[in-house]
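Enquirer:
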Amino acid sequence: MKKVTILIPVYNEGANLPALREALLPLIDNQLTPEPYEWEVLMVNDGSLDNSAEIMTGMRISDSRFSDLNLSRNFGKELAMLAGMDYAQGDAVVIMDADLQHPVSVVPQMIAEWEAGFQDVYGRRESRDYQSPLSRAMSKLYYKALKKSTRLDILPGAGDFRLLDRICVDALRRVRETQRNTKGLFCWIGYRKKEIPFRCEERHDGKSSFTFSRLLELAIDGITSFTTAPLRFATYMGFLSALVSLIYLIFIIVKTIFIGEPVQGFPTIMCTILFLGGCQLISIGIIGEYIGRIFKETKGRPPYLADTFRGKPVDNNKN
Ligand code: UDP
Ligand code: MG
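For what it's worth, this note's numbering labels the leading residue of the sequence shown as 8, then goes sequentially.
(1) For the pair the segment 66–75 and the segment 43–52, tell me if three or more CB-CB distances fall below 8 Å.
(2) Please report the distance separating the alpha-carbon of Phe240 from that of Gly229.
(3) Does at least one heavy atom of ligand 1 sit under 7 Å from the Cβ of Pro25?
(4) Rounded to whole angstroms, what's the CA-CA distance from Leu312 to Leu86? Just pull it up for me.
(5) DSSP three-state call for Leu223: helix, strand or coil?
(6) Flag this pair as yes or no: are the beta carbons of Ala99 and Val182 separated by less than 8 Å?
(7) Which residue wins for smallest C-alpha separation from Leu283, given the options Glu209, Asn23 and Gly245?
(8) Kindly indicate the opening and closing residues of the alpha helix (DSSP H) around Glu85.
(9) Starting from the C-beta of Lys190, find all residues in its chain whose C-beta is less than 8 Å away, skip the five residues before and the five after it, and write them out in chain order.
(10) What does the Cβ neighbour count give for Ala249, buried or exposed, with the cut at 16 atoms within 10 Å?
(11) Compare the Cα-Cα distances from Leu247 to each of Gln287, Thr275, Phe217 and Ser142 and report the closest residue.
(12) Please state whether DSSP places Lys10 in a helix, a strand or coil.
(13) Could you tell me how far apart the beta carbons of Gln108 and Arg28 are, in whole angstroms, since I believe they sit closer than 8 Å?
(14) For Gln108, is the beta carbon positioned less than 7 Å from some heavy atom of ligand 2?
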C-alpha cells in the first residue's frame, strides 16, 4: 500500500489543532479516496509558545497515525517544512496549513492527479478577497518582476498547499539553503506539475503570523536567492548616470567656451551630488543584500535543529 504523509507546520495553532484533526479523519480513514492508503500525519511544531505541543502529543498517543516533530525554537514556516520533509516517510507528501485554510476535500483530487503521473500537484487559490487592493497590486508587480528576472514562472496564487511526489521531496531536501523561499524552489525543481484551483477558507482561529515586514523579508529573499538582476540594475544605473554626466559635461564646456559663464549653479551641483549619492547608496544596499546572503550561507549552519521526534522511526540520513 502506498504511503502518504500529511505535513503540517504548526506555530501557535493550539486552538485549531482539534478541528484540524476532525477535518482530517475522514481522509485518513480512507473514506475519501477510491483506493486505501497508509497515512501519516506529521506535525512540525515550529517552536510554538502556546499549548500546541501538548495537543500534538495527545493526538499522537490516541492515534498512531499522528507523529510530531518539535524544533528547538521558531525557525519559520519555510524551515519547518524542510524539517518535515526530512522526517516524512510517505511516497507522497501533502503540505497543509494548520489553520484549516486549505480544504481537506481537495486532497483526494491531488492524489488522483498524482496517481495519474503528476509529481507536483499544487493548489491555486481562486479568490484573494481577503487581501487588500494595495497588497494585491504589490504582489502582482512583485511576481511580474520575479518572472522577468528569473525566467521561472512563479505563480502568485500557488502556495505551499501541494502534493509532492517522493522525487520532489528528495530534490527539495538536497537544497539546504537556510534563507529559503520555498515557493520559488517548487518552480526551480521542475518535474511534472499540475494545478488544482481551490477556494482558500478563512483562518479558523487566531491571525496570520505573516506580518507585512515578514512578507517583505520573504519577498527580498525570493529575489536575492533566485536572481542577480538587481546587481545588474545597479550597473545599468551607474552607466546611465555616467552617460548623462558626460553629456552635461560637454554641454558645460561648450557653453563656457562660446558663451562664457560667471560662477553659479549651486543648486545644480547640490542636486547632482544628492542624486548620485542616492544612487550609490542604493547600489551599496543591493550589494549588501547579496553579501549578507553569502555571509549567512557560508557559515554552513544546519538550517534547523530538531528537539524531539515522536512517531515511527526514520532512517538517520538527516540534516
Ligand atoms: N507557521 C509556522 N511557523 C511560523 C509561522 C507560521 O510553522 O513561524 C505555520 C502556521 O502554523 C500555519 C502556516 O505556517 O500552519 C501558515 O501560517 P499563517 O496561517 O500564519 O500564514 P498565512 O495563511 O497568512 O500564509
Ligand atoms: Mg493561514
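Each residue gets a CB set at the ideal place from its N, CA and C atoms; glycine is no exception.
Expert: If we stick to the structure as given:
(1) yes
(2) Taking the sequence shown and counting its residues from 1, one reaches residue 240 at position 233. Taking the sequence shown and counting its residues from 1, one reaches residue 229 at position 222. Taking the straight line joining both Cα atoms gives about 17 Å.
(3) Position 18 of the sequence shown, counted from the first residue, corresponds to residue 25. No, ligand 1 has no heavy atom inside 7 Å of this Cβ.
(4) Counting from one through the sequence shown, the residue named residue 312 turns up at place 305. Counting from one through the sequence shown, the residue named residue 86 turns up at place 79. Computed Cα separation, rounded: 10 Å.
(5) Counted from its first residue, the sequence shown places residue 223 at position 216. Leu223 falls in the helix class under three-state DSSP.
(6) Looking up residue 99 in the sequence shown gives position 92. Looking up residue 182 in the sequence shown gives position 175. Taking 8 Å as the Cβ cut-off, Ala99 and Val182 do not qualify as a contacting pair.
(7) On the sequence shown, residue 283 is found 276 positions in, with the first residue counted as 1. Among Glu209, Asn23 and Gly245, the Cα nearest to that of Leu283 belongs to Gly245.
(8) Translated into the one-based positions of the sequence shown, residue 85 becomes position 78. Lys84 to Tyr94 is the span of the alpha helix (DSSP H), which, as asked, contains Glu85.
(9) Position 183 of the sequence shown, counting from 1, holds the residue named residue 190. Answer for Lys190: Ile161, Ala165, Gly166, Asp167 and Gly229, listed in chain order.
(10) As a working mapping, residue 249 is identified with position 242 in the sequence shown. Ala249 should be labelled exposed.
(11) The residue you call residue 247 lines up with position 240 of the sequence shown. Of Gln287, Thr275, Phe217 and Ser142, the residue nearest in Cα terms is Gln287.
(12) What you label residue 10 is simply residue 3 of the sequence shown in a count that begins at 1. In the structure shown, Lys10 sits in a strand (DSSP, three-state: E or B).
(13) One-based indexing of the sequence shown puts residue 108 at position 101. One-based indexing of the sequence shown puts residue 28 at position 21. Rounded, the Cβ-Cβ distance is 16 Å, inconsistent with contact.
(14) Within the sequence shown, the letter at position 101 stands for residue 108. Result yes, Cβ under 7 Å from ligand 2.
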